[in-house]
Amino acid sequence: MMNRRTLAALGLALGLAASPLQSAWSQTTLRMWTFLNPGGQAPREKALKILIDRFEAANPGTKVQVEQQVWDQMTPKFFAAHGAGNAPDVSWVVMDQFPAAVQLGALANLHDLFIKNWPKEQVDAINDTYWAFGGYGPGNHYMIAHSRNLLGIMYREDFLREGGIDPASIRTWDDMIEAAKKLTKRNDKGEVTRWGLGLQFGADKADPSPVLNFIYDKYGRLFAENCKALWANDVGVAAMTKIASYVKDAKITPEAAVNYSVEDLYDQMAAGRIAIMSAASVRMPQMQGSIDPRNIKFIPFPSDTPGKPQAASGTGWAVGVWAKSRNLALAGKWAEFMSSPEADKVWVEIGQQVPLYASTVAAMPAFFAEPKNQFLAAASGGFKTAWMSPKNCAIGGIREDVNTATQLVVLGRKTPLEALKEAEAKFNQRHGY
Amino acid sequence: MSSPWTLGRIALAVVITAALLFINLFPIAWGLVTSLKATPEIMAWPPRFIDFSPTLDHYRSVLASMFTRAIANSLFYSGGVIVLGLLLGALAAFGFDRFSFRLRNSLFMLIVASIPLAIGAAALLVPNYLYFTYLGVTNQWFTLVLLYTAYQLPLAIWILKGAMEGVPRELDEAAYVDGATSFTVWRRIVMPLCLPAIGAAGLFLFLGSWNEFVAGSVMVDSPELRPVQVAVYQNIGYFGRDWGPLMASAMLAVVPILAIYLLLGRLLISGLTRGAVK
Amino acid sequence: MRPSLRPFAYVAPAILLIAFVLYLPSLFGIYYSQFDLRYVAPGRYVGFNNYLRLLGDPDFLAMLVRSVVFTAAAVSLTVALALALAGWVNTLKGWFGMAIQLLVILPWIVSHVVSALLFKWVFVNDIGAGLWLLSQLGISVAPLTSAASAMAILIAYACWRTMGFAVVLLLAGMKSIPEELYEAASIDGATSWQRFRAITLPLLKTPMLIVCVILTLSNLNNVETPLVITGGGPAGATNIVPLDIFMRAFARFDFSTAIALAIGAFLANMLLVISYVRLVKWRV
Chain A
0 MMNRRTLAAL
10 GLALGLAASP
20 LQSAWSQTTL
30 RMWTFLNPGG
40 QAPREKALKI
50 LIDRFEAANP
60 GTKVQVEQQV
70 WDQMTPKFFA
80 AHGAGNAPDV
90 SWVVMDQFPA
100 AVQLGALANL
110 HDLFIKNWPK
120 EQVDAINDTY
130 WAFGGYGPGN
140 HYMIAHSRNL
150 LGIMYREDFL
160 REGGIDPASI
170 RTWDDMIEAA
180 KKLTKRNDKG
190 EVTRWGLGLQ
200 FGADKADPSP
210 VLNFIYDKYG
220 RLFAENCKAL
230 WANDVGVAAM
240 TKIASYVKDA
250 KITPEAAVNY
260 SVEDLYDQMA
270 AGRIAIMSAA
280 SVRMPQMQGS
290 IDPRNIKFIP
300 FPSDTPGKPQ
310 AASGTGWAVG
320 VWAKSRNLAL
330 AGKWAEFMSS
340 PEADKVWVEI
350 GQQVPLYAST
360 VAAMPAFFAE
370 PKNQFLAAAS
380 GGFKTAWMSP
390 KNCAIGGIRE
400 DVNTATQLVV
410 LGRKTPLEAL
420 KEAEAKFNQR
430 HGY
Chain B
0 MSSPWTLGRI
10 ALAVVITAAL
20 LFINLFPIAW
30 GLVTSLKATP
40 EIMAWPPRFI
50 DFSPTLDHYR
60 SVLASMFTRA
70 IANSLFYSGG
80 VIVLGLLLGA
90 LAAFGFDRFS
100 FRLRNSLFML
110 IVASIPLAIG
120 AAALLVPNYL
130 YFTYLGVTNQ
140 WFTLVLLYTA
150 YQLPLAIWIL
160 KGAMEGVPRE
170 LDEAAYVDGA
180 TSFTVWRRIV
190 MPLCLPAIGA
200 AGLFLFLGSW
210 NEFVAGSVMV
220 DSPELRPVQV
230 AVYQNIGYFG
240 RDWGPLMASA
250 MLAVVPILAI
260 YLLLGRLLIS
270 GLTRGAVK
Chain C
0 MRPSLRPFAY
10 VAPAILLIAF
20 VLYLPSLFGI
30 YYSQFDLRYV
40 APGRYVGFNN
50 YLRLLGDPDF
60 LAMLVRSVVF
70 TAAAVSLTVA
80 LALALAGWVN
90 TLKGWFGMAI
100 QLLVILPWIV
110 SHVVSALLFK
120 WVFVNDIGAG
130 LWLLSQLGIS
140 VAPLTSAASA
150 MAILIAYACW
160 RTMGFAVVLL
170 LAGMKSIPEE
180 LYEAASIDGA
190 TSWQRFRAIT
200 LPLLKTPMLI
210 VCVILTLSNL
220 NNVETPLVIT
230 GGGPAGATNI
240 VPLDIFMRAF
250 ARFDFSTAIA
260 LAIGAFLANM
270 LLVISYVRLV
280 KWRV
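Protein chains in written order, with numbering that gives the first Met the number 0: chain A, 0 to 432; chain B, 0 to 277; chain C, 0 to 283.
What follows is the structure, given as structure tokens:
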């Protein structure tokens, strides 16, 4: 028999219990996995923080919780979390593994979530190689590419001018090599104090080798229909021979490159010991921290055709929504906002990222003309000829295989043909092609 | 062993100290110097040892990105590991040392054999992650305390057991005669005589937890739960290796350990000495 | 509580924690390794296929040999140097002894990747401050271009890093040896070397065992060391088991063979520890 006091106490208890529930209902937390830390001091991280603040202000009751991950563990962890049923609502997936993510069914169809509502102009402005990569036929689109990265050439403008070379005169690959030869400096003891051409052949933390660019330029593909590697051909052998000669004969590339990771190469550049090197466009902001932005520039790899960029590797991060997210619509809204023209301006202006939309490029000509932003426009242009990982083939290990082959050739242990054949065999065996 | 300072001994001391200074201190000191250099000067060649203008910018930027939270988290985790590890370890060491029971050897072997599991392989990361997720143990405030305690427990047990071996059984017998329980014997007789070893085990527990990185980055997602090593390593990312903040955060991360070793270092050696490693 | 159950009450909590956190996940790992892991989460059941594919790798045997060579060299070198160093530190007193101890443990207490990066930057890279200092003195070195020198650098780093732990344990062991034994031997006319061989070494049996076991396991399984210092090069000359596991999993996304190798390594480790202990006829 409940007396009034008990009833009152019960009512109070229920009321107290209900209030956290109340706020839980009106507060939704979206989890996102990325390698960026919104509390961090880097420009791109500040850009992310601005976008999060704007989104939360425009959608009261929503909180975007970023769970920063270690970038090379993030994608496998996402796949595992998908299997375990507790993946985040939005995740960044490394571009090479995007096709696998789609195969796994881990990504939601962004077309249904928001792309179908986009005006035609917006779709046209974003339609490029990356957009095509994210699409699987009409009505099926699974990612939007962020942190786009083009492999190309970084060079020291001040060293070039000092050596009497006008950067605009470098229109072909051979032009670049000639310049590199002139820019290699030695001291009185005959030791090299500045290398003309910086390349890296280390297997760990490797960038895709220029050998692949040559092959792609000529044949338009690096893999057969059945995914077998197609590298041991005339172009591959010629390219490998050329590169080995830069170390052994022309001596414009250090022999230590056999063990360089990309990090070692960037350190050397920061120390002023390299004039021209193969590099990733995303690293320009970091380089600008060590070298005056007027002196360090980025261009796509020059090909054998004057003025036409060589086909180079285009990578980046595929931002997608988890297919089994419990907040699908809201996650879609956040993904859409992060990839909107408005957000693009923030990513570009504050984060120094390559723009997603052609309209962004058109709207900010003064910005892109500044010396420290020159690389963004250059990378943007280079993406048109970039090659990306094939959608139906897993290509894990391609960088290590080709780099190891290069090491063997430079060290004189194998001929280019043998080394490339071995690389093909290793690659095919690993994937079972 | 106090021998007089002969010329030969002094020469030896000088040579070894110089070698240690160059080989051990110099790289770490270089890291400290790097953390105080402005970014453009970090990679300058030839290397600049003193002719640079020092700046605290990297420290400022590190502290502005939730680094203090990471340090606080790690202090909590390491503290928890010390408490839990010493408790479980001391009880287990007592059980192994003072009692003889059929499974004694095999169980102790099990513990010793688990050391490689703690040192672990990178690829076991994924099944481990799945396993702990299924158990619902990931991303909680106690996740890392539990994991780190398990990782460090074998060595702690080994050390504590060694110390207990040096405590004479007669003391136990006397207490039992007076009607004490085994737990009282553990608490009032054996443990107080093992204080140095407890200190040593505690130090190892702390060091192992403080410097652990893999579990801290995989098993825990929320930024509020991240330990200090993960915060240090975030300076090595997709966009490059940020030497300045990396060194600044690494230097900050090493301060607590140095402090503890300075304060309790003597305890470490003597704790391992008293029978622990006999 | 029944007397016969009492020891289990003491031992059980630790055993249970170790079982749940270390053993059960590894058993799960063995189960997990029998699936197709192309997408990381378990797919189709494939039995021992992953292991067979691993064994089919032409470099597999060479990599095992390299790992054994590296570990054996690193452990022997570290223990030998640590014994000598601990012996010397044992004679020091007061603040000087403490300062030397701090110097010795310094590389061991800094975050692993950071200490590896610093070592590499200072002593290995051609733009290293350490190498520059040496070149000023006329010594020039180019460590990473040949397989032998790369392995030597790796071993040197492993030594550098783990020396602190070894010295601390051996020093503690030495301090527990009673002075009287040494004095008696001196009176009998024994030289320092004879004293060392006859008194110090035998009484250091347990700390030596602990040091050897832990150093072996550490060098055999540590991924940061090869990853940062050599990256496995040149041309795979320093590719050892833990690095191979890491590269398979995170660089090539080949989880199937990565987990097979990891399980293999884990079983080999267990076997190693148990045989070590058996060999030394160590009883609890």
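We treat Cβ as the ideally placed atom computed from N, Cα and C, and that holds for glycine.
Would you list, in sequence order, the uninterrupted beta strand (DSSP E) runs of no fewer than 3 residues that lie entirely inside the region 173-252 of chain A?
191-197
Using 8 Å for Cβ pairs, my map puts tryptophan 316/A next to alanine 144/A. What's the rounded Cβ distance?
7 Å
DSSP three-state call for serine 277/A: helix, strand or coil?
strand
Is there a Cβ from chain C that is less than 7 Å from the Cβ of serine 358/A?
no
Nearest by alpha-carbon distance to lysine 181/A: which of Val320/A, Lys250/A, Thr240/A, Gln26/A is it?
Lys250/A
Please report the Cβ distance between glycine 135/B and leucine 117/C, rounded to the nearest whole angstrom; I am assuming they are in contact, meaning their Cβ atoms lie under 8 Å.
So it is not a contact: roughly 39 Å between Cβ atoms.
Beta-carbon contacts of glutamine 21/A that lie in its chain and below 7 Å, excluding the five residues immediately before and after:
At glutamine 21/A the pLDDT is 45, less than 50, meaning the model places this residue with poor confidence; the figure from the coordinates comes in the next sentence. If we look at glutamine 21/A and ignore the five residues flanking it on each side, it has no Cβ neighbours.
Determine the burial state of isoleucine 186/C: buried for a count of at least 16 other Cβ atoms within 10 Å of its Cβ, exposed for fewer.
exposed
Give the DSSP-derived three-state secondary structure of valine 408/A in the structure shown.
helix
Can you find the residues in the same chain that come closer than 6 Å, C-beta to C-beta, to serine 3/C, ignoring five residues on each side of it along the sequence?
none
Where the beta strand (DSSP E) containing leucine 149/A begins and where it ends:
143-155
Contact criterion: CB-CB distance below 7 Å. Does glycine 235/A meet it with respect to chain C?
no
Could one say the Cβ of arginine 429/A lies closer than 7 Å to chain C's Cβ atoms, at least one of them?
yes
Whose Cβ in chain C lies nearer than 8 Å to the Cβ of serine 208/A?
Result: empty, since nearest Cβ-Cβ is about 15 Å, beyond 8 Å.
Pair within 7 Å by beta-carbon distance, serine 324/A and aspartate 174/A
no
At least one CB of chain B closer than 7 Å to the CB of aspartate 266/A: is that the case?
yes
Measuring alpha carbon to alpha carbon, tell me which residue in Ala231/A, Glu262/A, Gly350/A is nearest leucine 375/A.
Gly350/A
Looking only at C-alpha atoms, which of His57/B, Ser216/B, Ile158/B, Val13/B sits nearest to leucine 124/B?
Ser216/B
Where valine 39/C meets chain A, residues with beta-carbon distance less than 9 Å
Thr74, Pro75, Lys76, Phe77, Phe78, Ala79, His81, Gly82, Ala99, Leu103
Neighbour-count burial assignment, serine 175/C, 16 or more Cβ in a 10 Å radius
buried
is_contact[valine 166/B, chain C] using C-beta, thresh 7 Å:
no
Quick check on methionine 0/A: buried or exposed, where buried means 16 or more other Cβ atoms within 10 Å of its Cβ?
Per-residue confidence for methionine 0/A stands at a pLDDT of 47, beneath the threshold of 50, marking its modelled position as unreliable; no derived number is given.
Counting contacts by CB-CB distance shorter than 7 Å, is valine 82/B in contact with chain C?
no
Which chain C residues are close to serine 181/B, counting only those with a beta carbon under 7 Å from its beta carbon?
Arg5
Got a sec? Which residues, its chain only, sit under 7 Å from threonine 142/B by beta carbon, not counting five neighbours each side?
Val136, Met218, Val219
Could you check whether isoleucine 188/B and alanine 200/B sit closer than 7 Å to each other, using their CB atoms as the reference points?
no
Taking 7 Å as the CB-CB cut-off, is isoleucine 17/C touching chain B?
yes
Where glutamine 309/A falls: helix, strand or coil (DSSP):
coil
For glycine 263/C, which of Arg251/C, Asp243/C, Val276/C has the nearest alpha-carbon?
Asp243/C
DSSP state of lysine 62/A mapped onto helix, strand, coil:
strand
Under 7 Å Cβ to Cβ from valine 45/C, same chain only, skipping five residues before and after it: list those, please.
Gln33, Phe34, Asp35
Per DSSP, which one or two residues make a beta bridge with leucine 29/A?
Val63/A
Mind checking who leucine 194/B pairs with in its DSSP beta bridge?
Bridge partners of leucine 194/B: none, in fact.
Let me confirm a value: tyrosine 218/A is counted as buried when at least 16 other C-beta atoms fall within 10 Å, else exposed. Which label applies?
exposed
Cβ pair alanine 124/A, serine 379/A closer than 7 Å:
no
Helix, strand or coil for glycine 274/B per DSSP?
Because glycine 274/B sits at a pLDDT of 49, beneath the cut-off of 50, its placement in the model cannot be relied upon, and the following sentence gives the value as read from the coordinates. Coil at glycine 274/B, not helix or strand.
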